[in-house]
Each structure stands twice: as C-alpha cells, then as structure tokens.
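In my numbering, the protein residues as written are 9 to 477.
Built from N, CA and C at the ideal position, the CB exists for glycine as well.
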Ligand SMILES: Cc1ncc(COP(=O)(O)O)c(C=O)c1O
C-alpha cells in the first residue's frame, strides 16, 4: 500500500468514533482468557512482588494480564498453560528462520559444549560475523559489536559527534532508538517530547533536535538553524518510519535527509535494528538504494540469541572507534562479541541466505496482508486495514498511534483508542494469535497455510464480535 493511501485510511479511521467491543462480549472474552491462562496468572501474581509491575517485557500484551511462555518452535509459541499461538511477535523481529531452527541451534549448542560461552577475548567468530554483515550491507565497511540495539544507538551518537566534531543530533518524532537518556524523546507518537523522561537529567536534550516525520520544511529548518552554532552531527532515521513503519515515511523522505546531510556535512544514521536482514539482506539501505554513513544493528544479528548489537559503517567514520588515548571514543561491553552471539550472527545470516528466508517471510506477509485487507473490506464500517514492508506488517484498527497531538482531547482520544485496540488484542490472544502492540505482525519463513488459515479465522471471529454500523 502506498504512503498516501496509508495516511488517508488512517485519517478516515480517526474521523470516526472508535468501535469498542460490547461490554458483555468483552467480559466473556476476558473470562475465557483468564480460564485458559491460570498458570500465567499465578506467575504474574508472584512476579508482582519480585519484578516491578510483574512484567519487564515492553512488547508483552498485558491486558488482562501478561502471559508467560514456555517454548517456541517454527511459527508457533506455547504458553505455560499449554495453549498454542501462531506467533507474529517473533521475539520482537529477530526471528526470521523460525523459532528453534535446528541447523542454527545445533551450531550454538556445539560451541557452548566444546568451547564455552565467553573468554572476554577475541574469537574467530567475530571476524566471520563481521565479514558476513559487510558482504550483505552495501553501506557497511567495518563493524563494532555491542550487546543491544540501545547500546549500538548510543555508540552511533558518540561516533557521529566524534567524527564531525559537532554536537547536535536530529531525531525524528515517534521513532525508537532504544532507551538511553538522550533518545527517550518523542517516543512512539510524534510530538510527545519529554513525556517519557522521568529520571532523565534536565538539559539532556539540549543537543537533540526533534523533527516531526515527513515535515520537510522543519527538517530543512533544523539544518539551517544549526548551521552557525554547533552544527548537526547526525540524523537518526528508522528508514521505513518510526516504530518500524507505524509512522510510514513519504517516498522522498530518506532521500531528502541524505541530500541535506551531504549539503551540511552531517552523517546519516540508519537504525536498522528491525529492517536489517529482515526487510532485505542488505537492509533498508539496499531496499531504498540510499547509503547511510552509520548503520545500527541489533537483535536480528543474534537471531534471538542474547547479547546482539553492532554499530557499523564507512571505514573513515568507524575509525573514530580506535586509536590512542584521547583519540578514540570510548566503547565497551565485557560480553560483547562473545563466541555465542558472534557465531549466532554468522550462522544465522548464512542460513537466511541459504533458505531464502527474507523472500519466503515476505511472500507470506504479502499474502496475509491481502487476505486481511479482503476480509476488512467486508466491514467497511470499521475501516480497518493492513500494510506491509516485506515481512513487517502493520494493521490499523483504532489508529491510536496517529492521533494528532494538537487536536482537542488528544490524550483522552489516544487512551480510548488504545483501550479498544488492547481489547481486540485480548480476543486475538485468547484465540491463539500473538501480535505486537495490537498493531504489528512480523513473519518468518516458516509461516505456512495452516498458520494463515488459523490467523484468518481469528480475525473473522474478532470482526463478528464488533457490532455492524
Ligand atoms: C529501531 C530500533 N532501534 C533500537 C532498538 C533497541 O534495541 P534493544 O531492544 O536491543 O535495545 C529497537 C528495539 O526494538 C528498535 O526497534
């Protein structure tokens, strides 16, 4: 679906009152959810005393309560009560071969039993992993491994500042670049500013320039306004739009940012934590044919194995990561590039190529997107729709992410719309479909016809619960 159509369809949803589930139906769905998930509820009740809020996974669906998972295989997950789910969370994007992919797991188990998990020193797997990343990503000549996407984003900020000798960083509203102090600004919904900044010192954002997505004028102005002062060191971009495409980008957006970076001598930083090796093996940089100066990678380079992240890019830019005292920037991570995560990266990328994982996951997502849109078209009173960027699918039901903050009662509107979307998610989860944030679905190469049929029957059921008209 093209950008303009997405924007118009979102507007159409926002122009109508939200359609919550009727109270009686919601009550029986919650009852079903609770009856199916007794063990999860017990775990949650105990966890509340040990873990703040009883849950620590941002991507968990928490209404009526979070579920505890037992295992995952292929495109399925099983919870601790033995219920099975067609999984579209895919661990938050990194799983594309499918959960528990034996050829990958066998390699990693071999490394653990034969070599041990870590020495704190170089292993050969680091080189192999770096070679594999560089082979696929056109904008990458050097790689420095870290332990998460958040860390890699933090490193990218530092590299951009060190390389350019400038201070200012541009962040596009609504995008996510991890939870470091300086990046927790205008999260999730453009314009939310410092809403999520409790615990962050005053002044942290002095060098952050917040630009609304697709606001070409504001983008240009940001460069002009900062030309005389500190200057812009870099622009952080989620290349398919904030929140992995929840806020999709105008077709000219990335190219314009590249042009402005070139004109003003700033670095373009593609955060490819989700798009790298998922949108294409060469990431969004291959998909759009636009080369960033710095590429941020995360969980996907470990394919679900822990301690995965890397900052990568052009040789001259990456060179600020080494040198003598006072010359290099400081980076660290005792367990970064340990043999397990480095080998997981190397073997996962090789297996993805061998199994044509991105194409297969994308082809399933294309078919599911069409099937869901065909179904949603039968309920034009709702206006629901789906769009996808390869194996990254977004379904829009209440459109709470795109409420215009300048509109009256914006926050009440967001809360009402989010509540309705959460209730829809309670239904889909209670019937064996696991999605992300009630808005997103990631696919893997093992999603099959059976998964498709089950998925469609759950959506049909959900629609049947929402009164017509
Ligand atoms: C685009 C993007 N950047 C950075 C991150 C942070 O990665 P991590 O959760 O590994 O810290 C995420 C996490 O979802 C992400 O989606």
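Same chain, Cβ closer than 6 angstroms to residue i, five either side skipped, listed in chain order
i: residue 98; result: 450, 452
i: residue 76; result: 48, 51, 88
i: residue 219; result: 178, 180, 226, 227, 230
i: residue 162; result: 188
i: residue 431; result: 29, 34
i: residue 102; result: 307, 308, 311, 312
i: residue 379; result: 464
i: residue 140; result: 354, 357
i: residue 255; result: 182, 221, 249
i: residue 5; result: Only positions 9 to 477 of the chain appear in this structure, which leaves residue 5 out of reach.
When the options are compared against residue i, the one with the closest alpha-carbon
i: residue 240; options: 270, 262, 222, 257; result: 270
i: residue 337; options: 43, 173, 59, 106; result: 173
i: residue 105; options: 370, 322, 428, 320; result: 370
i: residue 107; options: 463, 454, 157; result: 454
i: residue 251; options: 273, 221, 265; result: 221
i: residue 341; options: 357, 327, 318; result: 318
i: residue 74; options: 137, 80, 54; result: 54
i: residue 267; options: 301, 236, 287; result: 301
i: residue 115; options: 359, 81, 397; result: 359
i: residue 445; options: 12, 69, 186, 63; result: 69
i: residue 273; options: 199, 325, 59, 130; result: 325
Contacting residues, own chain, Cβ-Cβ under 8 angstroms from residue i (five flanking each side not counted)
i: residue 175; result: 169, 215, 238, 239, 241
i: residue 134; result: 153, 345, 350
i: residue 290; result: 144, 145, 146
i: residue 41; result: 72, 434, 437, 438
i: residue 365; result: 104, 105, 359, 452, 453
Spatial distance of residue i from residue j (CA atoms)
i: residue 150; j: residue 22; result: 45 angstroms
i: residue 205; j: residue 184; result: 14 angstroms
i: residue 389; j: residue 382; result: 14 angstroms
i: residue 411; j: residue 394; result: 18 angstroms
i: residue 61; j: residue 232; result: 45 angstroms
i: residue 476; j: residue 466; result: 18 angstroms
i: residue 479; j: residue 122; result: As shown, the chain starts at 9 and ends at 477. That puts residue 479 outside it, with no answer to give.
i: residue 24; j: residue 433; result: 20 angstroms
i: residue 438; j: residue 32; result: 16 angstroms
i: residue 343; j: residue 248; result: 31 angstroms
i: residue 335; j: residue 118; result: 40 angstroms
i: residue 472; j: residue 155; result: 44 angstroms
i: residue 109; j: residue 304; result: 25 angstroms
i: residue 246; j: residue 257; result: 9 angstroms
i: residue 426; j: residue 408; result: 6 angstroms
i: residue 44; j: residue 320; result: 45 angstroms
i: residue 10; j: residue 17; result: 11 angstroms
i: residue 91; j: residue 462; result: 14 angstroms
i: residue 167; j: residue 328; result: 7 angstroms
i: residue 112; j: residue 401; result: 25 angstroms
i: residue 424; j: residue 416; result: 14 angstroms
i: residue 361; j: residue 375; result: 22 angstroms
i: residue 80; j: residue 157; result: 23 angstroms
i: residue 264; j: residue 287; result: 21 angstroms
i: residue 243; j: residue 276; result: 5 angstroms
i: residue 120; j: residue 26; result: 51 angstroms
i: residue 440; j: residue 428; result: 19 angstroms
Residue i - containing alpha helix (DSSP H), residue span
i: residue 437; result: 418-438
i: residue 291; result: 291-296
i: residue 35; result: 31-44
i: residue 274; result: Neither: residue 274 is in no alpha helix (DSSP H) and is coded neither H nor E.
i: residue 230; result: 224-235
i: residue 22; result: 11-22
i: residue 99; result: Where residue 99 is concerned, there is no enclosing alpha helix (DSSP H), given that its DSSP letter is neither H nor E.
i: residue 252; result: 250-253
Limits of the beta strand (DSSP E) - the one that residue i falls within
i: residue 320; result: 317-321
i: residue 216; result: 216-219
i: residue 464; result: First-last for residue 464: 457-473, but that is the alpha helix (DSSP H), not the beta strand (DSSP E).
i: residue 448; result: 448-450
i: residue 79; result: 77-81
i: residue 179; result: 176-180
i: residue 62; result: Where residue 62 is concerned, there is no enclosing beta strand (DSSP E), given that its DSSP letter is neither H nor E.
i: residue 242; result: 240-245
i: residue 93; result: 92-95
i: residue 89; result: Element bounds for residue 89: n/a, residue is neither H nor E.
i: residue 444; result: No beta strand (DSSP E) holds residue 444; DSSP gives it neither H nor E.
i: residue 305; result: 302-305
Min CB distance residue i to chain D below 8 angstroms
i: residue 51; result: In summary, chain D is missing from the structure at hand, where a single protein chain is found.
Residues of its chain near residue i, where Cβ-Cβ distance is below 7 angstroms and the 5 sequence neighbours each way are ignored
i: residue 470; result: 432, 435, 436
i: residue 372; result: 451, 455
i: residue 84; result: 92, 93, 94, 95
* Ranges of the alpha helix (DSSP H) found wholly within the stretch 102-163, counting only runs of at least 4 -> 110-123, 132-144
Every unbroken beta strand (DSSP E) inside the stretch 377-416 [3 residues or more]: 393-397, 400-404
(message) So within the stretch 318-381, which uninterrupted alpha helix (DSSP H) runs reach at least 4 residues, ignoring any that extend past its ends?
(response) 323-326, 347-362
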